[in-house]
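The listed protein sequences derive, respectively, from chains A and B.
When we follow the numbering used here, the leftmost residue of the first sequence carries the number 101, and every step to the right adds one.
When we follow the numbering used here, the leftmost residue of the second sequence carries the number 101, and every step to the right adds one.
There are 2 protein chains.
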Amino acid sequence: MATEKQSKLNLIDTDIHERVLYEDLLKYLDNPWKKYITDCRWIQEKHMPYVQPAIAGVDRADARIPDGRPAGSDLDFMREQLLDACGHEIGILTGALDPSPSSMHGWFEMAAALASAYNDWQIENWLERDERLYGSVHIAAGDPQVAVREIERIGSHPKMVQVLLPIDDFMWGDPYYHPIFEAAERNQLMIGMHHNEPPIYFGKWPRYFIEWHTLIPAAHMMQVTNMVFNGVFEKYPQLKLMMIEGGFTHVPHLMRKMDQQYKDLRHEVPWIKRMPSDIIKEHIRFTTQPLEELSKKEFLQLIDQMGTDELICFSTDYPHWDYDSPFEALPPNLDEGLKRKLFSDNARAFYPKLPQARKESV
Amino acid sequence: MATEKQSKLNLIDTDIHERVLYEDLLKYLDNPWKKYITDCRWIQEKHMPYVQPAIAGVDRADARIPDGRPAGSDLDFMREQLLDACGHEIGILTGALDPSPSSMHGWFEMAAALASAYNDWQIENWLERDERLYGSVHIAAGDPQVAVREIERIGSHPKMVQVLLPIDDFMWGDPYYHPIFEAAERNQLMIGMHHNEPPIYFGKWPRYFIEWHTLIPAAHMMQVTNMVFNGVFEKYPQLKLMMIEGGFTHVPHLMRKMDQQYKDLRHEVPWIKRMPSDIIKEHIRFTTQPLEELSKKEFLQLIDQMGTDELICFSTDYPHWDYDSPFEALPPNLDEGLKRKLFSDNARAFYPKLPQARKESV
């Protein structure tokens, strides 16, 4: 049960990973897709040669379910360890690392079947079982027409708030993917971007997990730059983008650099009518985790450099190893009004499908 | 002639592009290499589909030589427009965009021949014709053994101060390239890294020049992270790295992020014995151009966030379109001691082969 202090947070947690197991999906899959998993023992191929960062792999050791199932795979356990313990008002599910249909670089037919199964499983087992939980639409993004059909099929569910795209090796601003944005906008869904596999930097995978992880903000910089200069937000003026699990300490640099380059080079992209930092302020938000250790002074300096305190939304990344606690991650003694924005109001204002009235603290 | 104010700068300009023409190299080339240029009209293939950013392509319009040759191709003109006008004490040549032997992704034999010819041409026509000019060793980096021979052949020239590597699509921390660093260290040469072609982000070239140019700091972040975590500076403790033409406003974020990740994940890279920010402070410097418009307060905040004012070295990028003037690029009213470091002392302390005594202002 949440303490008084905890329930005051009215926390909207923008990044929680519920964990799906392949066997969970079987009842939502038809053949031949089902048989690939049961008979061929198919799993999604990944490219991560790295040692896992912690003793429980990518998960918090204490988040493993007592019966041995992996962290994040049990709603009751998550309620106890996360939602009740932190006094979550809302948690947004962003999916498991594996399978991740949007991340599949081929066999989009299988990816589409998995995505549909994943969405059905998520609604039945999570979104409709806890009123605090909201979800992400998984799609086979490599085939945008099929992806659009899935968004239309499931996107109007009242608890689906965003379409999830991986960072990986896609450049999402490419016109090829625009039908996805059109469908998202039509369904009042945000785009949530989150890494899954390491991107190919300079034609190669990073050599270490620490290298990849250090460079996640660089990948976020690439995606934001690509989305903005490709004119995605001019074409879809209601579209919003949540950049998940990249932190925000790179954002002041990015805004300043984009503006400077726009002043110099805007004649190359005449469809962009505003300063890139203004496009970011209107259309893009950044989740906090993994938050570096920042003093209050440093934290406020970064906000000052962004020119607004409305771009950042708190996230825990539960149940992963580098989870940020809402009680420990932010620098101490921040102003209550600012904390309210970071923990709750910024996300509430950004996701049109979240309840707009703040819940009274119990 | 430099005014009194100008000569007080004692400017060490860490990024000047002298321009080579293919025909300039012919007398330094043997056959068959020479014939590929004369008979086959070979030029280095590039991948830049973009409109050029300014009316004179990548160059300042007023830097074109009056007789029609391209900007940067005439020493006398450069003296008048840059070295004398700004009162340069020292200028470090970083080479033309084309040909750029290190950037060649194949045909390393031709690249090696071009690199040698380029170095000989540079010494004869620039380094030995103006005492202010220092140079960069060009190599065919794709074949490290051949590159090492070129470093040994030419690297002891008293006016060669660094080995130039392009950003492009290489990951220079890879062990494959370590012989280059060993040879550079042995010859008291720095490594200078400068973009040439756009990197392949996520497996594709950026779609616009502005996208590429906005993301140059992201590419710098990748190279620094790659070099540090691969242990290059543990293996070659005297090696230094100058990151050229990426600016520095991304550096506070990068140092903080690397340190945070190192605290969490250092057991994956046990050969790294120090905080990454300490490795950066000892081994890496960043040239200023292209400098965003920063207020004095913003500029000093960034320096404060880096924890030292010794990481930044002024550069003009002459004769390119986004040239920074030493009289205009920095925020006004910086402290004289800080300006002295930025314009001169930081670079002097970093390049062991530059004259260590500051020249008396004339």
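We treat Cβ as the ideally placed atom computed from N, Cα and C, and that holds for glycine.
It should be emphasised that the depicted structure is a prediction, and the values quoted were computed from it without experimental measurement.
CB of Pro431(B) within 8 Å of CB of Lys396(B), strictly: Counting from 1 along the second sequence, the entry for residue 431(B) is found at position 331. Counting from 1 along the second sequence, the entry for residue 396(B) is found at position 296. A contact, by the Cβ cut-off of 8 Å.
For a cutoff of 8 Å on Cβ pairs, would you count Met204(B) as touching chain A? One-based indexing of the second sequence puts residue 204(B) at position 104. With respect to chain A, the C-beta atom of Met204(B) has no partner C-beta closer than 8 Å.
Measure the alpha-carbon distance for Phe443(A) versus Pro376(A) and round it to whole angstroms. In the first sequence, the residue the question calls residue 443(A) occupies position 343. In the first sequence, the residue the question calls residue 376(A) occupies position 276. The C-alpha of Pro376(A) is placed about 26 Å away from the C-alpha of Phe443(A).
Residues in the same chain with beta-carbon distance under 6 Å from Ala447(A), minus the five sequence neighbours each way, listed in chain order, please. Working through the first sequence from its first residue, we reach residue 447(A) at position 347. Taking Ala447(A) as the centre and dropping the five residues before and after it, the same chain places the C-beta of Ile112, Thr114 and Cys413 closer than 6 Å to its C-beta, in chain order.
Continuous beta strand (DSSP E) stretch holding Glu189(B): start and end: Here the question's residue 189(B) lines up with position 89 in the second sequence. Under the DSSP assignment, Glu189(B) falls in the beta strand (DSSP E) whose first and last residues are His188 to Leu193.
Contact set between Asn326(B) and chain A, taken where Cβ atoms lie within less than 7 Å: For this step, residue 326(B) is matched to residue 226 along the second sequence. Per Cβ cutoff of 7 Å: Glu311.
Limits of the unbroken beta strand (DSSP E) element including Thr387(A): Here residue 387(A) refers to the residue found at position 287 when the first sequence is read from its first residue. For Thr387(A), the uninterrupted beta strand (DSSP E) run begins and ends at Ile384 to Thr387, by DSSP.
Could you work out which residue in Phe281(B), Ile165(B) and Phe427(B) is closest to Met293(B) when comparing CA atoms only? The residue labelled residue 293(B) in the question sits at position 193 within the second sequence. Closest by alpha carbon: Phe281(B).
Alpha carbon to alpha carbon, how far is Asn131(B) from Met210(B)? If you number the second sequence from 1, residue 131(B) lands on position 31. If you number the second sequence from 1, residue 210(B) lands on position 110. Asn131(B) and Met210(B) have their alpha carbons spaced roughly 11 Å apart.
Can you have a look at Cys140(B) and say buried or exposed, based on whether 16 or more other CB atoms are within 10 angstroms of its CB? Sequence index remark: in the second sequence, residue 140(B) carries index 40 (1-based). Cys140(B) is exposed by the Cβ-count criterion.
Are the beta-carbon atoms belonging to Pro317(A) and His295(A) less than 8 Å from one another? Start at 1 with the first residue of the first sequence, and residue 317(A) comes out as number 217. Start at 1 with the first residue of the first sequence, and residue 295(A) comes out as number 195. No. Outside cutoff.
If we count the other Cβ atoms within 10 Å of its Cβ and call it buried at 16 or more, is Tyr276(B) buried or exposed? Position 176 of the second sequence, counting from 1, holds the residue named residue 276(B). Tyr276(B) should be labelled exposed.
Assuming Leu214(B) and Ile291(B) make a contact with CB atoms under 8 Å, what is their CB distance in whole Å? Stepping through the second sequence from its first residue, residue 214(B) is reached at position 114. Stepping through the second sequence from its first residue, residue 291(B) is reached at position 191. Not a contact, Cβ separation roughly 20 Å.
Please confirm whether Gly195(B) and His257(B) have their CB atoms less than 8 Å apart. As a position in the second sequence, residue 195(B) is number 95, starting the count at 1. As a position in the second sequence, residue 257(B) is number 157, starting the count at 1. Contact annotation: Gly195(B) and His257(B) have beta-carbon atoms that are not nearer than 8 Å.
Taking Lys357(B) as the query, report the chain A residues whose CB atoms sit under 8 Å from its CB, ordered along the chain. Walking along the second sequence from the start, residue 357(B) turns up at place 257. Chain A residues near Lys357(B): Thr314, Pro317, Gly347, Thr349, His350 and Glu392.
Based on the DSSP output, what are the partners of Cys413(A) in its beta bridges? Here the question's residue 413(A) lines up with position 313 in the first sequence. Paired residues: Thr387(A).
Can you tell which of Thr416(B), Asp422(B) and Ile379(B) has its C-alpha closest to the C-alpha of Cys186(B)? To locate residue 186(B), count along the second sequence from 1; it is residue 86. Ranking the options by Cα distance to Cys186(B), first place goes to Thr416(B).
Per DSSP, Ile301(B) is paired with what? In the second sequence, the residue the question calls residue 301(B) occupies position 201. The amino acid occupying residue 301(B) in the given sequence is Tyr; Ile does not appear at that position. In the DSSP output, where bridge partners are listed per residue, Tyr301(B) has Tyr301(A) and Lys304(B).
Return yes when the Cβ of Pro298(A) is within less than 8 Å of the Cβ of Gly347(A), no when it is not. As a position in the first sequence, residue 347(A) is number 247, starting the count at 1. As a position in the first sequence, residue 298(A) is number 198, starting the count at 1. No, the pair does not count as a contact, with Cβ atoms beyond the cut-off.
Bridge partners - Ile291(B), DSSP secondary structure assignment: Within the second sequence, numbered from 1, the residue matching residue 291(B) stands at position 191. Ile291(B) has Val263(B) and Leu341(B) as its beta-bridge partners, per DSSP.
Residues of the segment 255 to 279 of chain A with a CB closer than 7 Å to any CB of chain B: list them in chain order, please. Against chain B - using a Cβ distance shorter than 7 Å - the residues of the segment 255 to 279 of chain A are Asp269, Phe270 and Met271.
To the nearest angstrom, how far is the alpha carbon of Asp174(A) from that of Leu193(A)? Along the first sequence, one-based indexing puts residue 174(A) at 74. Along the first sequence, one-based indexing puts residue 193(A) at 93. Here the alpha carbons of Leu193(A) and Asp174(A) stand approximately 13 Å from one another.
Taking the straight line between their C-alpha atoms, what separation do you get for Asp404(B) and Asp422(A)? If you number the second sequence from 1, residue 404(B) lands on position 304. If you number the first sequence from 1, residue 422(A) lands on position 322. C-alpha of Asp404(B) to C-alpha of Asp422(A): approximately 28 Å in a straight line.
Closer than 7 Å, Cβ to any Cβ of chain A: which residues of the segment 368 to 383 of chain B, in chain order? Taking 7 Å as the Cβ-Cβ cut-off against chain A, the residues of the segment 368 to 383 of chain B that qualify are Glu368 and Val369.
Between His383(A), Gln181(A), Phe333(A) and Lys357(A), which has its C-alpha nearest Tyr451(A)'s C-alpha? Taking the first residue of the first sequence as position 1, residue 451(A) is located at position 351. That would be His383(A), whose Cα lies nearest to the Cα of Tyr451(A).
Let me check one thing: in DSSP terms, what residues is Gly235(A) bridge-paired to? Within the first sequence, numbered from 1, the residue matching residue 235(A) stands at position 135. Partner(s): Met260(A).
Taking its Cβ as the centre, do 16 or more other Cβ atoms sit within 10 Å of Thr314(B), making it buried, or is it exposed? Locating residue 314(B) in the second sequence gives position 214, counting from the first residue. Of the other Cβ atoms in all chains shown, 16 or more fall within 10 Å of the Cβ of Thr314(B); this residue is therefore buried.
Would you mind sorting Asp445(B) into buried or exposed? The rule is 16 or more other CB atoms within 10 Å of its CB. In the second sequence, counting from the first residue as 1, residue 445(B) sits at position 345. By the C-beta density criterion, Asp445(B) is buried, having at least 16 other C-beta atoms within 10 angstroms.
Spell out whether any CB of chain B is found under 8 Å from the CB atom of Tyr301(A). Indexing the first sequence from 1 puts residue 301(A) at position 201. Judged by the 8 Å Cβ criterion, Tyr301(A) is in contact with chain B.
Note down the Cα distance separating Ile300(B) from Pro455(B), rounded to an integer number of angstroms. The residue you call residue 300(B) lines up with position 200 of the second sequence. The residue you call residue 455(B) lines up with position 355 of the second sequence. Ile300(B) and Pro455(B): Cα-Cα distance of roughly 38 Å.
Mapping the DSSP letters down to three states, classify Ala102(B) as helix, strand or coil. Counting from one through the second sequence, the residue named residue 102(B) turns up at place 2. At Ala102(B) the pLDDT is 45, less than 50, meaning the model places this residue with poor confidence and gives no usable figure here.
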